[in-house]
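Data first, discussion second: the structure below is written as structure tokens.
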Amino acid sequence: MSRAPSVVVVTGASSGIGLETVALLRARGDHVVLASRSPEALRAAVAGTTPTGPTPDGTVPGRVLVVPTDVGDRDAVEALFAAARAELGRVDAVVHAAAVLAYGRFDDVPADVYDRALQTTLIGTANVARCALAEFGPRERGSLVVVGSLLGKIATPLMSSYVTAKWGVHGLVRCLQLEARSTPGIEVSLVSPGGVDTPIYHLAGTYVGRHGKPPPPVVPAAKVARAVVRCLDHPRRDVNADLGPANAVTVLGFRAMPAVFDLLVGPLLRWTGFGAAAPEPTPGNVTGPRPLLEASSGGFGSVPLDLPEPVRRAVPAGLPRAATAVVLGAGVTSAAVRWATRRVSAGR
Ligand SMILES: NC(=O)c1ccc[n+]([C@@H]2O[C@H](COP(=O)([O-])OP(=O)(O)OC[C@H]3O[C@@H](n4cnc5c(N)ncnc54)[C@H](OP(=O)(O)O)[C@@H]3O)[C@@H](O)[C@H]2O)c1
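Numbered per our numbering, the sequence shown spans residues 176 to 523.
Set out below in structure tokens:
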């Protein structure tokens, strides 16, 4: 029996994970409402995701509706849902993927840029969730999927606007999940990726003299989009491990070995999380869209968590490389901490 098409609102629909999610939903015949700030990028998103072949089961292609929206603006988000209801009759599901980030020490990021980043990434989530639940309530049905982040579970230096917002997003989603226990039929899911190959790193503001890039392992946006769409059909509390074991290991390190984590996270981020020079500080897309840089991929490719060549050759064939990397990393880390601690005490 064929599945009835759903009406799905997608925020952050013009780039990266949101754009790939739109492509998957349209390919299966759903009606999709695309929201982000740039009308130009949204038009390109519609053109780039129009299904070319027949939909599964030969169903009629779904309708699309484009509603330029700033998720940080509560009135605009209410207007988005009103437009979806007026044009398509109802909203069955919502995918919230809009977010921005500004690299820099807390005291180097201008206050208005910092606040705008929180307005989009945290308050935007509250605005979208409030409207989604108001839509779902009367019909006692609906599925909200929020894209969080590994950085909603750990901390790093130089990304405090994003880390603060994502911790807030994760807290909000967990509260909504608890409250949804009393409203069967209404589901709230969280997807928490680590590094994903999207343009967010080119679009981000930066006050560190360099542009960001995704630290390995890096997965394609389409993989995260598939996890998002699976959550629409089969809600999950938190999709994390499915996107790679490294995320779970990193969270374990943050919680179980905070001293080791604190020692390593700054140098590792500077080593693996920054690329090209950014001579001028810029707010990037925090203060306004940059449609020409929006796309489904950031051009970073998939980057596995791999070992240096000499170590790789020494690892017996068949041993999972990620596990080996973790064990080796833990060994090197413990030695480093013991060494660093001895130096501190010897200096006293
Ligand atoms: N890429 C990663 O490595 C990674 C890792 C973990 C989690 N995530 C999360 O995944 C989600 C999607 O990120 P992505 O990497 O796909 O980012 P992206 O390629 O930069 O896409 C972000 C989308 O959000 C929209 N947006 C930004 N500010 C907005 C606002 N105020 N109102 C409405 N829309 C806005 C952008 O369009 P406009 O600028 O035109 O509005 C764009 O469509 C985010 O929640 C991000 O935090 C990403």
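Glycine included, each C-beta is placed from N, C-alpha and C at the ideal position.
Keep in mind the model is a prediction, meaning the values are calculated, not measured.
Annotation for Ala396: Gly191, Ile192, Glu195, Val371, Asp372, Thr373, Ser471 and Ser472 place their beta carbon closer than 7 Å to its own, counting only its chain and skipping 5 residues before and after. For Glu310, the enclosing alpha helix (DSSP H) stretches over residues Gly299 to Arg314. For Gly299, the distance from the CB to the nearest heavy atom of ligand 1 is below 7 Å. Taking C-alpha positions only, Arg280 is separated from Arg178 by approximately 49 Å. For Asp372, there is no enclosing alpha helix (DSSP H); the enclosing beta strand (DSSP E) has its first and last residue at Gly370 to Asp372.
Per DSSP, Ser335 is one residue of the alpha helix (DSSP H) stretching across Ser335 to Glu354.
Contact annotation: the region 301-309 does not touch the region 404-417, with fewer than three C-beta pairs closer than 8 Å.
Burial state of Asp245 is buried, judged by a 10 Å Cβ sphere holding 16 or more other Cβ atoms.
Around the beta carbon of Val393, a 10 Å sphere encloses 16 or more other beta carbons of the protein chains shown; the residue is thus reported as buried. Restricted to the region 239-272, the alpha helix (DSSP H) segments that are unbroken, complete and at least 4 residues in length are 249-263, listed in chain order. Nearest neighbour of Thr227 by Cα position, chosen from Glu215, Val207 and Arg203, turns out to be Arg203. In this structure, Val270 is the residue among Leu200, Gly264 and Val270 with its C-alpha nearest to the C-alpha of Ala210. The beta carbon of Asn460 sits closer than 7 Å to at least one heavy atom of ligand 1. For the 8 Å CB-CB criterion, Thr425 and Ile329 form a contact.
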